[in-house]
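Below you'll find the structure, written out as structure tokens, and then a few comments.
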Amino acid sequence: MRMRLWVLVASLVVAGVLVGFFVTRFLNPVPPTIVATTTSNTVQGRPVVDFTLTTVAAVGAEGEGNNEHPNWVGYLPTTYLSVPAGAVVHMTIDQQDGQTGLRNEYFGLVRGTVNNQMTVNGKVMTALDPTTAAHTFTIPDLGVSVPLEGVADNAPANAQVVVQFDFVVPNTPGLYRWQCFVPCAAGTLYGNGGPMQTLGYMAGELQVG
Amino acid sequence: MSDVASPTGLTDVQDVAGGDHTLIVSSRLMMGANTTLQLTFLFTFFYLRANNFGGMWHPSGVSAPPEVLALVALLVPIVALLALWAVSRAIAQGTTSINGLLWLALAFVVLTGAVRILMMYQFGWDLQNGTYIDISTVWYGVLLAEFIMVGLWVLSLVMGHIRGTSPITAAQARTVAEQWSYITVVSFAVYALTEFVT
Amino acid sequence: MDAVAPARPPIDSRPTMARRLNDWGLLLGVIGSIVGFLVGWAIGSVAIAYSFGADNSLGSDPGILLGYSLSVVGFLAGMGFLNYPIGRLMGRPKASEEDNAYLHGEGGGISRYFRMTTDHKVIGLQYLVMILAFLFIGGLGAMFIRAELLTPSPTVATPQSYLTLVGLHSTLMIFMASAAIIGPFGNYFVPIMIGSRNMAFPRLEALTFWLLPPAGLILLSTVFLGGFTTGWTGYAPLSDQNVAGMDSYLMAFALIGLSIGLSGLNMIATIITKRAPGMPLTRMPIFVWGVFVTSFLGLLAAPALIGAVLMETIDRSFQTTFYVPAGGGSPFLWENLFWFFGHPEVYIFMIPAFGIVMEMLPVFTRRPLWGYRVSIAGMAGIGLLSFTVWQHHLFVSGLAPSLRPFYMFSTELISVPTGIVYLVALGSMWRARTRFSTPMLYIGAFFFNFLIGGFTGVFLSDVPSDFTLHASYFVQAHFHYTIMGAEVFALMAAIVYFLPKMTGFTMDTKLLKFQFWAVFLTFNGTFISLICVGILGMTRRTISYASYLQPLNVSASVFAFGLGTSMALFLGILIWEAVIKRTRAVDNPWESLGVEWQVPTPVPVFNFDRVPTAWSLPYDYDTGKPATDLGSVTPALSGA
Amino acid sequence: MRNRATAIRVLIGTWIVLAVAGDIGLGLAPMPPGLASNLASDESEVIRVLSMAGWPIFSGVLAGLFFTLIINKFAPSQSEVTAVELRGNSRLQATWIVTTVVLVLILATYGTVELAVEEPGGGITTVSAALPAPTSADQPLEVQVIAQQWWFTFRYPTYGGIETAQLVLPVGQKIEFNVTSLDVVHSFNFYALGVKADAVPLNDNQVTVTPTEIGTYRVQCTELCGLWHGNMAENTAMVVSQADFATWIQQQTALDAPVMKYLPPYSHTYEPDPAVYGH
């Protein structure tokens with residue numbers, strides 16, 4: 370009887386440990402979140418905050434999110450962003466990945482940003498040739514979508530395209546997902562796999578407020 | 031059925047030995063399951079053929095399998111088949127000296143596996159070149175696996191008989207012959223399909 | 010205790026080498042599986058790196074799949090499953106009768122439950138433990154899911170891990186349900202009920218069980234490979250997109266398909282060829298008939314799944330395009346093949362439940378089973394029709410609209426043989442002085458829940474209403490009413506009913522009656538809330554939902570937590586009463602006439618020393634005549 | 014015996030009351046998915062009819078089951094039952110089976126008729142070029158639903174094939190949804206309109222519907238499609254008046270101007286360009 374009880378207790382402990390491991394390590398790993406750097410200037414009373422992201426063909430070891438897949442394409446430093454409510458986000462993206470091309474050419478259109486425009490290497494644009502796109506920065510629920518031009522194949526090594534745009538986030542706090550709409554690994558199908566479906570690479574969340 | 035009398039007159043028996051009956055019944059059941067598997071691939075074959083998205087059913091006109099080798103791969107199992115049936119016949123007639131037949135059957139069973147492996151090697155297909163190639167490859171692979179599995183069964187029966195540890199029984203000989211014939215027939219059908227319905 | 014002298018003199022206790030290895034089989038199996046995985050993983054990865062030059066070949070699908078396959082082979086080899094085939098291949102002499110008896114568990118104590126044993130009673134208990142493990146691990150997943158759905162936006166889990174959670178819960182529960190009744194009780198009682206001393210293929214029977222633990226572990230190991238996001242239906246081409254975690258799902262499902270098919274083969278062969286003389290098919294207990302019909306479904310449906318999964322693994326490993334439209338394949342192909350297996354599968358769940366409920370019912374109504382033949386016809390009819398309805402899962406898929414009336418009709422037709430089961434229940438209870446023992450309570454709940462499950466099914470079988478309800482929580486509640494509300498309730502009834510025979514201990518306490526009412530009420534509370542959520546348009550497998558649905562989801566979650574607690578209470582009572590406290594049960598506590606209650610407890614290793622040849626149906630409660638006369642070994646039947 | 018007969022009468026009485034009351038309730042209650050379109054009202058009608066037909070049978074079987082379980086506690090039957098009766102009654106069984114078969118036949122016929130009256134979807138048509146704007150309300154306005162991981166976009170071939178991220182429909186106009194997908198299997202669900210159609214790559218799934226109520230609704234994906242499946246939903250789908258629709262179309266045309274030259278010609282399915290997307 371006593372021996373059986375001890376076996377029971379031991380197995381319960383083991384089960385508890387396993388469940389704890391599952392919950393902490395797999396169910397909800399707490400991701401590192403980068404907070405926007407606040408600036409002094411404002412637009413129409415709204416605070417202006419800065420973000421600088423980099424898109425690379427392979428995150429290598431720098432991926433703060435989870436660098437289990439160093440050879441995966443991804444946003445650096447991470448894809449969990451946090452901005453104050455009602456702010457104007459001034460986003461700068463250093464695009465270092467090659468050209469893949471959009472699956473749905475419609476995402477070549479710049480939408481939801483201030484004046485529906487973006488600045489590519491200092492040049493103002495309202496749409497991008499879909500075949501030259503490398504990624505998009507899209508927050509569907511805010512209607513924000515910006516195509517990111519890819520580095521041409523014949524460009525010199527470590528060349529990059531600097532894309533800048535502003536968008537306004539709502540005054541009410543909330544959690545918004547954002548993602549890329551280019552199948553930016555290989556192929557329409559497999560291109561939407563791996564990095565596109567793993568948080569921390571090409572999928573992320575924008576915490577407002 | 032309230033009151034029952036024993037059919038045998040006995041009130042009880044030592045044991046219920048399924049024996050040969052069990053073997054034959056379950057062999058037939060196995061064929062049923064195998065039929066579902068083959069029908070799955072048949073359905074897939076025609077579904078993909080009718081589907082043919084983007085003309086990707088059979089873009090490269092490769093005709094499969096290479097004719098000569100394929101015919102050999104069809105004829106070799108037939109010899110094994112005849113040998114197996116001869117064995118089963120001989121046992122049914124109570125002949126005892128069947129070692130020669132057994133060796134013959136075993137030889138051609140092994141040869142079957144070898145030839146079909148060689149044939150699949152000869153395909154040299156690019157798997158990403160159309161669904162016709164995909165389904166044909168999978169189907170030939172599954173057939174090969176089934177030939178090998180029944181072949182191993184034949185091997186075990188032959189070894190048991192040759193070494194005298196477990197002489198081959200009539201039921202065993204019959205069921206193994208049935209299974210082998212079943213797969214042979216299927217392989218003919220698959221050949222005809224992949225050869226003429228491209 | 011053991012009233013039966015074994016048919017042979019007992020075996021000598023000097024353990025041979027083979028027996029020692031067999032005793033340590035589980036450990037050897039674990040070692041073998043680890044070694045096998047590493048070897049297969051290395052081979053696959055190297056081959057991939059060589060042929061495709063993939064830079065991340067270590068995570069490549071062929072490596073993972075080959076590793077899994079070889080780990081299963083290694084496990085079985087360690088367990089000793091390969092000894093017999095290899096021995097035959099080398100023409101070695103057959104094992105001595107003593108070694109066979111040892112393998113059969115004769116003389117082995119508790120240890121025979123932890124090794125490859127060919128005794129169908131040991132395998133039945135092994136099944137019971139494994140089924141309960143699947144059930145409660147999957148239930149834990151359900152608790153996490155309900156916790157997540159308390160709020161309309163992600164809190165407990167990330168979207169990614171939530172989908173894996175849903176997939177794990179559903180797939181584990183499918184594994185559980187496909188063997189819940191037929192595994193423990195089919196293996197344990199079918200040979201006894203048909204008067205056989207063992208199964209037709211005892212080693213095969215052991216194999217069908219020992220395929221389950223690898224399947225479960227492989228499925229759970231998906232969390233180390235990034236999980237899979239397709240749910241249990243694994244629709245292509247999303248499954249082509251998934252990371253390596255998908256391979257766990259495919260491999261595990263293939264193993265389960267193999268297990269279902271092989272156990273079906275074994276059961277049919279046993280029932281056809283191992284019946285005692287004097288027992289024609291028309292005198293088999295109704296539960297054996299249920300197992301018989303189910304086994305045909307398993308045998309004929311599982312190959313379709315195996316074929317489909319095979320093509321999916323090749324799609325993932327070698328970039329073929331069976332299910333990839335851009336490459337000439339079609340997602341509809343997977344949907345057709347999967348549901349051609351998937352719909353018979355749900356009757357693989359249900360028919361044994363019908364059988365075991367109709368088996369237990371007369372014992373508590375103290376009446377003969379009313380309409381034995383028509384109930385057989387009912388179960389056979391369900392089995393036949395179940396192959397003709399699979400496209401009712403695809404009403405909104407845009408596939409073959411002209412065929413919808415046919416599938417609507419065949420689907421609704423299934424309610425006819427199902428209705429027969431209710432007729433039989435009504436007939437057996439009519440004018441009967443029913444004894445409300447605990448199993449009878451679960452049986453009543455079974456009929457109540459399955460009635461709701463059936464009537465919700467009507468709305469889904471009718472195409473126009475299905476356009477509103479398809480893929481909503483209404484569907485989810487519908488199949489939880491059939492699978493959990495009916496099958497799992499039948500499972501609980503059967504556990505309470507058969508535990509005294511299987512273990513010699515009883516778990517039938519006052520607390521258990523309370524547990525019944527708790528589980529019954531919380532279950533209905535949960536899934537009635539979910540029916541409403543579904544009608545209001547909440548779709549399945551979504552981590553975020555419209556905020557106006559939150560109140561109903563909260564009520565569902567709260568009830569679900571109660572449900573989880575009361576299920577845990579059931580497990581607690583079972584473990585406490587039967588394992589820790591060991592409350593002895595009286596022989597034949599329910600005063601059944603079935604032969605399984607006349608053989609002594611614990612059942613002798615070979616069931617009967619001599620098999621009786623005069624049999625009748627075990628339902629003659631008006632005359633009190635037992636199914637057969639075991640002569641001297643028969644303990645006097647109290648009451649009746 | 015008498016007391017048993019009373020019990021049976023009480024049972025039947027209760028059942029009739031239950032059935033009638035329940036059916037009245039079901040007859041009056043609003044049924045999902047509502048009346049926002051001809052399709053939706055059709056489906057809610059079917060659901061109403063099914064539940065009104067099902068409820069009496071459901072309550073009857075339930076009452077019968079539990080009556081048989083309980084009555085013998087307080088009103089055991091004294092009548093003698095022969096061993097044969099105890100083991101079945103072929104006439105009763107036949108009646109039961111025939112009844113259920115008839116019920117099923119009625120059910121299936123009803124469903125088939127409903128299908129014939131209003132074919133809610135399915136089917137693949139040939140690719141068609143941009144269409145002229147519909148001149149009358151019953152001439153269908155073609156709207157293409159493009160599902161992709163993980164957002165719906167919509168194309169209006171009759172207005173130069175503009176593509177938008179928001180779904181706006183004119184009220185009272187017959188709409189023909191052409192649902193397709195660019196990657197995996199999705200399902201386009203406009204709950205309020207009673208529209209649900211799987212989006213399958215290289216397949217065109219058609220649903221015809223006429224919205225009848227102006228309002229803002231939710232469209233969502235109802236087939237598991239990957240990471241963001243749970244978020245693949247828009248609360249901004251609108252049914253507006255013809256005039257508002259015209260102005261909205263103008264705005265969208267202006268917004269789309271920069272990207273129009275890049276959009277592919279309108280087609281019912283979009284094959285990936287193998288030059289760009291080999292795999």
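Chains as they are written, first to last, in this note's numbering: chain A, 370 to 578; chain B, 31 to 228; chain C, 10 to 649; chain D, 14 to 292.
Using N, Cα and C, we set each Cβ at its ideal position, and we do this for glycine too.
**Q.** Which of helix, strand or coil DSSP assigns to Tyr-506(C)
**A.** helix
Q) If you draw a straight line from the alpha carbon of Arg-206(C) to that of Ala-245(C), how long is it in whole angstroms? A) 46 Å
Q. Is it buried or exposed for Ala-113(B), if we count other Cβ within 10 angstroms and need 16 for buried?
A. buried
**Q.** Paired residues, beta bridge with His-504(A) - DSSP
**A.** Leu-517(A)
Q) When the cut-off is 8 Å and only beta carbons count, does Asn-129(B) lie next to chain C? A) no
**Q.** CB-CB length for Gly-563(A) against Trp-375(A), believed under 8 Å
**A.** The pair is not a contact, with the Cβ atoms about 46 Å apart (cut-off 8 Å).
**Q.** CB contact below 8 Å: His-281(D) versus chain C
**A.** no
Q: For the beta strand (DSSP E) containing Ala-212(D), list its first residue and its last residue.
A: 208 to 212
(Q) Counting beta carbon pairs with one atom in the segment 347 to 356 of chain C and one in the segment 305 to 316 of chain C, are three or more of them shorter than 8 Å? (A) yes
Q: Would you please verify whether the beta carbon of Ser-69(C) is less than 8 Å from any beta carbon of chain B?
A: no
Q) Taking Cβ-Cβ distances shorter than 7 Å, what residues in chain A pair up with Ser-170(C)? A) Phe-395, Leu-396, Asn-397
Q. Beta-carbon of Trp-87(B) versus every beta-carbon of chain C: anything under 8 Å?
A. yes
Q) Taking Cβ-Cβ distances shorter than 9 Å, what residues in chain C pair up with Met-370(A)? A) Ile-589, Lys-590, Arg-591
Q.
Considering just the uninterrupted stretch of the beta strand (DSSP E) at Gly-543(A), what are its terminal residues?
A. 543 to 548
Q.
If you follow the alpha helix (DSSP H) that Met-320(C) is in, where does it begin and where does it stop?
A. 295 to 327
Q: Would you mind telling me which residues of chain C sit closer than 9 Å to Leu-381(A), beta carbon to beta carbon, in chain order?
A: None at all; the shortest Cβ gap to chain C is about 10 Å.
Q. Val-577(A) and Arg-415(A) look like a contact to me (Cβ under 8 Å); what is the Cβ gap, rounded to whole Å?
A. With 8 Å as the limit, Val-577(A) and Arg-415(A) do not qualify as a contact, their Cβ atoms being about 13 Å apart.
Q) What does DSSP give as the partner residues of Glu-107(C) in its beta bridges? A) In DSSP, Glu-107(C) forms no bridge with anything.
Q. Listed from N- to C-terminal order along the chain, which residues in the segment 318 to 337 of chain C have their beta-carbon within a distance smaller than 8 Å of any beta-carbon of chain B?
A. Leu-319, Met-320, Ile-323, Phe-327, Gln-328, Thr-329, Thr-330, Phe-331, Pro-334, Ala-335, Gly-336, Gly-337
(Q) With a threshold of 8 Å between beta carbons, is Ser-339(C) in contact with chain B? (A) yes
Q.
I need the boundaries of the beta strand (DSSP E) containing His-199(D), first residue and last residue.
A. 199 to 203
(Q) Counting C-beta neighbours from all protein chains within 10 Å, is the total for Ala-215(C) 16 or more, i.e. buried, or is it exposed? (A) buried
Q. Distance, Cα to Cα, Arg-79(B) vs Phe-525(C)?
A. 54 Å
Q: Let me know the secondary structure DSSP gives Thr-424(A) once reduced to three states.
A: strand
Q: Would you kindly check if the distance between the Cβ of Gly-573(A) and the Cβ of Thr-424(A) is under 8 Å?
A: no
**Q.** Counted within 10 angstroms of its Cβ, other Cβ atoms place Asp-55(D) as buried (16 or more) or exposed
**A.** buried
**Q.** Continuous alpha helix (DSSP H) assignments of at least 4 residues falling wholly in the segment 463 to 510 of chain C
**A.** 472 to 478, 482 to 489
Q. Leu-215(D) versus chain C: which residues are under 8 Å apart at the beta carbon?
A. Pro-334, Ala-335
Q) Under 8 Å between C-beta atoms, does Gly-580(A) make it to chain C? A) In the structure displayed, chain A extends from 370 to 578; residue 580(A) sits before or after that span and is not available.
Q: Following the continuous beta strand (DSSP E) through Lys-492(A), name the residue where it begins and the one where it ends.
A: 492 to 494
Q) Got a sec: is the Cβ-Cβ distance from Arg-376(C) to anything in chain D below 8 Å? A) yes
Q) Quick one: what does DSSP say Gln-158(B) is sitting in, helix, strand or coil? A) coil
Q: Have a look at the DSSP bridge pairing and note the partners of Trp-164(D).
A: Gln-161(D)
Q: On the DSSP bridge assignment, give the partners of Asp-535(A) in chain order.
A: His-459(A)
Q.
Rounded to the nearest angstrom, what separates Pro-286(C) and His-487(C) at their Cα positions?
A. 43 Å
Q: Specify the secondary structure class of Gly-124(D) as computed by DSSP and reduced to three states.
A: helix
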